[in-house]
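Novice:
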Amino acid sequence: MSPTRCLVAGWGKNEFSSSGKYEMILKEIDLPLVDSNVCERQLRATRLGRRFRLNKSSFVCAGGEQGKDSCTGDGGSPLVCLVNENWYLAGLVAWGIVVTSQTSCENGLESCCPPEGYNCGMKYPPIDGSNEPATVILAPGDTYQGSGVIIDHLHILTIAHRVSSFVSNPTQLNVRLGEWDASSNGVLEPQEYNINRIFIHPQYQTSNLVNDIAILRTSEAINLGSIPTIATVCLPSTSVTNIRCMVSGWGRNDFSSTGTYQAIKKEVDLPLLNPSTCQNQLRATRLGANYNLDSNSFVCAGGERGKDACTGDGGSPLSCLIAGNWYVIGLVSWGIGCGRQNVPGLYGSYPWQAVILDPKGEVYIGSGALINNRNVITAAHKINSLQNKRLKVRLGEWDASSPSEPIPSQEFTVIKIFIHPQFSELTLQNDIAILRLSKQVEIGSSPVIGTICLTLNPVTNMRCFVAGWGKNDFESGSYQAIMKEVDVPIIDPYTCQVQLRETRLGQKFVLDTKSFVCAGGEFGKDACTGDGGSPLVCNLNNRWYLVGLVAWGIGCGQYNVPGVYVNVPNFISWIEKIMKLKT
10 MSPTRCLVAG WGKNEFSSSG KYEMILKEID LPLVDSNVCE RQLRATRLGR
60 RFRLNKSSFV CAGGEQGKDS CTGDGGSPLV CLVNENWYLA GLVAWGIVVT
110 SQTSCENGLE SCCPPEGYNC GMKYPPIDGS NEPATVILAP GDTYQGSGVI
160 IDHLHILTIA HRVSSFVSNP TQLNVRLGEW DASSNGVLEP QEYNINRIFI
210 HPQYQTSNLV NDIAILRTSE AINLGSIPTI ATVCLPSTSV TNIRCMVSGW
260 GRNDFSSTGT YQAIKKEVDL PLLNPSTCQN QLRATRLGAN YNLDSNSFVC
310 AGGERGKDAC TGDGGSPLSC LIAGNWYVIG LVSWGIGCGR QNVPGLYGSY
360 PWQAVILDPK GEVYIGSGAL INNRNVITAA HKINSLQNKR LKVRLGEWDA
410 SSPSEPIPSQ EFTVIKIFIH PQFSELTLQN DIAILRLSKQ VEIGSSPVIG
460 TICLTLNPVT NMRCFVAGWG KNDFESGSYQ AIMKEVDVPI IDPYTCQVQL
510 RETRLGQKFV LDTKSFVCAG GEFGKDACTG DGGSPLVCNL NNRWYLVGLV
560 AWGIGCGQYN VPGVYVNVPN FISWIEKIMK LKT
């Protein structure tokens with residue numbers, strides 16, 4: 010007689026979520042046994058997907074009733090069935106979805122459950138949500154460095170820019186396998202291995218991330234198959250197109266300043282893009298119409314709003330399910346922001362942004378924008394008193410506190426400063442200046458360095474962006490290590506003047522519309538102290554144009570109090586005159 014309902018007992022959690030608690034008293038629950046074909050069909054309706062195949066020689070299924078199941082911590086608990094008044098062991102709780110079958114072991118313990126041949130690229134049913142068993146964490150000590158993927162029992166594949174600084178001392182780097190929730194201990198403990206050698210691709214280029222790939226060798230063999238949260242991924246022999254794939258990691262959940270690194274591994278499905286489509290879409294970004302995608306080094310995925318890898322996901326595998334096995338097709342390398350529609354892609358959304366520093370390159374003075382390969386534009390009031398100093402300009406900066414960003418910033422010496430001849434320190438009229446760099450910037454050599462377009466036409470009725478490292482509050486705020494951005498509406502001159510007259514400027518204030526343009530006036534959204542010279546940029550026909558430079562304001566982020574910016578379009582003739590000068 011075959012039983013239809015059985016019992017499982019244990020001390021596991023009473024709920025799968027973080028609020029679930031382990032039980033002090035042994036709990037039991039009765040569950041129905043589920044036919045293997047029915048089980049496979051039902052599991053295919055979950056995130057395991059339509060191609061999931063149940064290994065019927067290893068697993069038996071039970072449950073599927075609302076609120077009745079084993080849970081986290083019940084691993085190994087017996088599933089027992091009453092047959093002819095005797096209790097028989099039918100299974101052991103395995104992964105929280107299915108349990109391990111014991112019914113095929115007929116010849117005693119020694120012949121029970123022989124190890125099967127190990128296959129790469131198999132994704133096992135999740136334990137505590139672990140759904141990418143080949144993904145690993147790179148960690149020098151307790152510091153998160155990035156991700157990688159297991160390709161065999163000794164080697165981890167990752168990106169070169171995450172590990173190149175460890176080549177001379179690889180033992181400083183270790184890898185954690187089988188991780189899911191980095192903030193707590195799971196049912197199955199992750200395993201850590203030391204690295205004893207790092208192989209960087211010989212043609213890897215730090216400036217543009219061409220051949221951005223590396224292999225880590227572990228100091229001892231990885232115990233593959235020991236737990237279902239550790240596995241290899243297959244390597245493809247041909248290119249893959251027209252398929253949706255998965256990327257997972259612990260990177261930020263948003264590109265903006267509010268994005269945070271994730272304790273629990275996240276995954277997202279993305280479409281692979283053909284190189285031509287990818288190149289066309291990237292040319293519509295700040296990379297410009299002349300950008301050429303190196304299809305030998307890069308493959309593209311994504312371009313769907315809100316779905317992307319992001320900052321910190323560098324090295325995370327892009328894996329695709331092909332004929333029942335998982336293949337690694339790519340490793341997260343770089344992108345334009347995170348999760349922007351029609352922008353395949355971690356940082357570097359403002360490649361024209363320039364940091365102006367003191368002659369030693371240590372003290373922050375203000376910001377500017379790169380307008381061609383020799384000139385940076387900024388607000389005159391930021392550098393008027395420093396004309397005799399050999400200032401520094403840093404391009405490609407994002408996190409000023411980190412010396413090891415994925416793509417290095419570049420520093421240039423300022424050899425001449427051009428202040429507008431009618432600049433007024435008293436009223437800040439004509440508050441514009443150009444810095445001439447000592448050598449040409451190699452535009453296109455780095456995906457995080459580029460120029461901003463100039464326009465003669467005024468901009469109205471649209472939202473634009475301003476970015477910089479200024480204070481986050483007018484009074485008690487502190488300067489920012491990581492560049493911040495904010496979107497603000499362009500305000501017409503009349504409205505701006507009316508609103509500014511309601512401040513301490515008084516009813517007789519007259520806005521100089523030749524010198525200034527206004528934006529903002531929304532609570533909590535504004536440039537602030539230290540942002541002087543930062544570019545206000547607007548997207549016009551899929552190109553970014555410089556509309557203003559942060560000049561002055563009344564406080565920061567006050568409702569109906571717009572910020573005031575240099576009206577750059579009104580100074581185009583002067584800008585072009587200066588750019589033509591040989592010295």
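Quick note: the sequence shown uses the working numbering, first residue 10, plus one each step. In this text, a Cβ means the ideal position worked out from N, Cα and C, and glycines have one as well. These figures come from a predicted structure and were not determined experimentally.
Suppose you measure from the CA of K65 to the CA of L16; what does that come to, to the nearest Å?
Specialist: As a first step, residue 65 must be located in the sequence shown, where it is residue number 56. As a first step, residue 16 must be located in the sequence shown, where it is residue number 7. Between K65 and L16, the C-alpha separation is close to 20 angstroms.
Novice: Do G530 and V570 have their C-beta atoms within less than 8 angstroms of each other?
Specialist: Working through the sequence shown from its first residue, we reach residue 530 at position 521. Working through the sequence shown from its first residue, we reach residue 570 at position 561. In contact: G530 and V570 (Cβ atoms closer than 8 angstroms).
Novice: Mind checking which residues open and close the alpha helix (DSSP H) that includes I392?
Specialist: One-based indexing of the sequence shown puts residue 392 at position 383. Per DSSP, I392 belongs to the alpha helix (DSSP H) from 389-392.
Novice: Per the contact definition of three or more C-beta pairs closer than 8 angstroms, is the region 425-437 in contact with the region 391-400?
Specialist: Yes, the region 391-400 touches the region 425-437.
Novice: P360 and I458 - do their beta-carbons sit closer together than 8 angstroms?
Specialist: By 1-based counting over the sequence shown, the position of residue 458 is 449. By 1-based counting over the sequence shown, the position of residue 360 is 351. Cβ distance < 8 angstroms, so I458 and P360 count as in contact.
Novice: Using 8 angstroms as the threshold, is the region 542-549 in touch with the region 504-514, meaning 3 or more CB pairs across them?
Specialist: Not touching, per the Cβ criterion.
Novice: Have a look at A230, W335, A18, N299 and flag the residue whose alpha-carbon is nearest the alpha-carbon of I252.
Specialist: Working through the sequence shown from its first residue, we reach residue 252 at position 243. Ranking the options by Cα distance to I252, first place goes to W335.
Novice: Where are the beta strand (DSSP E) runs, 3 residues long or more, that stay fully inside the region 221-251, in chain order?
Specialist: Taking only runs of at least 3 residues, the beta strand (DSSP E) segments lying wholly in the region 221-251 are 223-227.
Novice: Using DSSP with H/G/I as helix, E/B as strand and the rest coil, what is L325?
Specialist: Here residue 325 refers to the residue found at position 316 of the sequence shown. The amino acid occupying residue 325 in the given sequence is Ser; Leu does not appear at that position. In the structure shown, S325 sits in coil (DSSP, three-state: anything other than H, G, I, E or B).
Novice: Under 8 angstroms by Cβ, that's how I've got V219 and S304 pegged, so tell me the actual separation to the nearest angstrom.
Specialist: Here residue 219 corresponds to residue number 210 of the sequence shown, with the count starting at 1. Here residue 304 corresponds to residue number 295 of the sequence shown, with the count starting at 1. Incorrect: roughly 11 angstroms between the Cβ atoms, too far for contact.
Novice: Who are the near neighbours of W553 in its chain, counting only those whose CB is closer than 8 angstroms to its CB and skipping five residues on each side?
Specialist: Stepping through the sequence shown from its first residue, residue 553 is reached at position 544. For W553, where only same-chain residues beyond five positions count, the Cβ hits under 8 angstroms are R295, W361, I461, C462, V546, C547.
Novice: Keeping to the same chain, check which residues put their C-beta closer than 8 angstroms to that of I499; ignore five residues upstream and five downstream.
Specialist: Here residue 499 is taken as the residue at index 490 of the sequence shown, counted from 1. Excluding positions up to five away in sequence, the list reads V468, T469, N470, M471, R472, C473, V526, C527, A528, C547, V556.
Novice: How should L281 be labelled, buried or exposed, when 16 other C-beta atoms within 10 angstroms of its C-beta is the threshold for buried?
Specialist: Translated into positions along the sequence shown, residue 281 becomes position 272. Per the 10 Å Cβ criterion, buried.
Novice: Quick check: does the Cβ of W553 come within less than 7 angstroms of any heavy atom belonging to the ligand NAD?
Specialist: Ligands in the displayed structure: none, and consequently the ligand NAD is not present.
Novice: So who's on the other strand from A476, going by DSSP bridges?
Specialist: Within the sequence shown, numbered from 1, the residue matching residue 476 stands at position 467. In the DSSP output, where bridge partners are listed per residue, A476 has E494.
Novice: From V341 to C243, what does the alpha carbon distance come to, in whole angstroms?
Specialist: What you label residue 341 is simply residue 332 of the sequence shown in a count that begins at 1. What you label residue 243 is simply residue 234 of the sequence shown in a count that begins at 1. Approximately 17 angstroms, taken between the alpha carbons.
Novice: Would you tell me roughly how many angstroms separate the C-alpha atoms of F432 and I222, rounded to the nearest one?
Specialist: Taking the first residue of the sequence shown as 1, we reach residue 432 at position 423. Taking the first residue of the sequence shown as 1, we reach residue 222 at position 213. So the two alpha carbons sit approximately 50 angstroms from each other.
Novice: Assuming contact is defined by CB atoms lying nearer than 8 angstroms, are I209 and S156 in contact in what I supplied?
Specialist: By one-based count along the sequence shown, residue 209 stands at place 200. By one-based count along the sequence shown, residue 156 stands at place 147. Their beta carbons are not under 8 angstroms apart, which means I209 does not touch S156 by this criterion.
Novice: Do G377 and I386 count as a contact pair if the criterion is CB distance below 8 angstroms?
Specialist: Position 377 of the sequence shown, counting from 1, holds the residue named residue 386. Position 368 of the sequence shown, counting from 1, holds the residue named residue 377. Yes, Cβ-Cβ distance for I386 and G377 is below 8 angstroms.
Novice: For N384 and I452, I'd like the C-alpha separation in whole angstroms.
Specialist: Looking up residue 384 in the sequence shown gives position 375. Looking up residue 452 in the sequence shown gives position 443. Approximately 12 angstroms between the Cα atoms of the pair.
Novice: Select from N93, N183, D278 the residue whose C-alpha is nearest the C-alpha of Y202.
Specialist: As a position in the sequence shown, residue 202 is number 193, starting the count at 1. Per the Cα distances, N183.
Novice: From P2 to I338, what does the alpha carbon distance come to, in whole angstroms?
Specialist: Only positions 10 to 592 of the chain appear in the structure, and residue 2 is not among them; the question remains open.
Novice: By a C-beta neighbour count over all protein chains shown, 10 Å radius and 16 as the cutoff for buried, is D496 buried or exposed?
Specialist: Taking the sequence shown and counting its residues from 1, one reaches residue 496 at position 487. Under this definition D496 is an exposed residue.
Novice: Excluding sequence positions up to five away, which residues of its chain have a Cβ less than 7 angstroms from the Cβ of K391?
Specialist: Locating residue 391 in the sequence shown gives position 382, counting from the first residue. Correct list, in chain order: I365, I374, G375, G541, G542.
Novice: From V47 to C254, what distance separates their C-alpha atoms?
Specialist: To locate residue 47, count along the sequence shown from 1; it is residue 38. To locate residue 254, count along the sequence shown from 1; it is residue 245. Taking the straight line joining both Cα atoms gives about 27 angstroms.
Novice: From the DSSP output, read off the bridge partner residues of D39.
Specialist: Your numbering for residue 39 matches position 30 in the sequence shown. D39 pairs with L16.
Novice: Can you tell me whether DSSP reads R383 as helix, strand or coil?
Specialist: For the purposes of this step, residue 383 is taken as the residue at position 374 of the sequence shown. If DSSP states are grouped into helix, strand and coil, R383 belongs with coil.
Novice: Kindly identify the DSSP beta-bridge partner or partners of E201.
Specialist: Counted from its first residue, the sequence shown places residue 201 at position 192. DSSP, once it has assigned bridges, lists R185 as partnering E201.
Novice: Is it the case that the Cβ atoms of S524 and N576 are separated by a distance below 8 angstroms?
Specialist: Stepping through the sequence shown from its first residue, residue 524 is reached at position 515. Stepping through the sequence shown from its first residue, residue 576 is reached at position 567. Going by C-beta atoms, S524 is nearer than 8 angstroms to N576.
Novice: Relative to the C-alpha of P284, which candidate in R292, D278, A298, L302 has its C-alpha closest?
Specialist: Along the sequence shown, read from residue 1 onward, the residue named residue 284 stands at position 275. The residue with the shortest Cα to Cα distance from P284 is L302.
Novice: Please state whether DSSP places Y503 in a helix, a strand or coil.
Specialist: The residue you call residue 503 lines up with position 494 of the sequence shown. Reduced to three states, the DSSP call for Y503 is helix.
Novice: Any idea if N439 is buried or exposed, counting beta-carbon neighbours within 10 angstroms, 16 or more meaning buried?
Specialist: Translated into the one-based positions of the sequence shown, residue 439 becomes position 430. Answer is buried; the Cβ neighbour count reaches 16.
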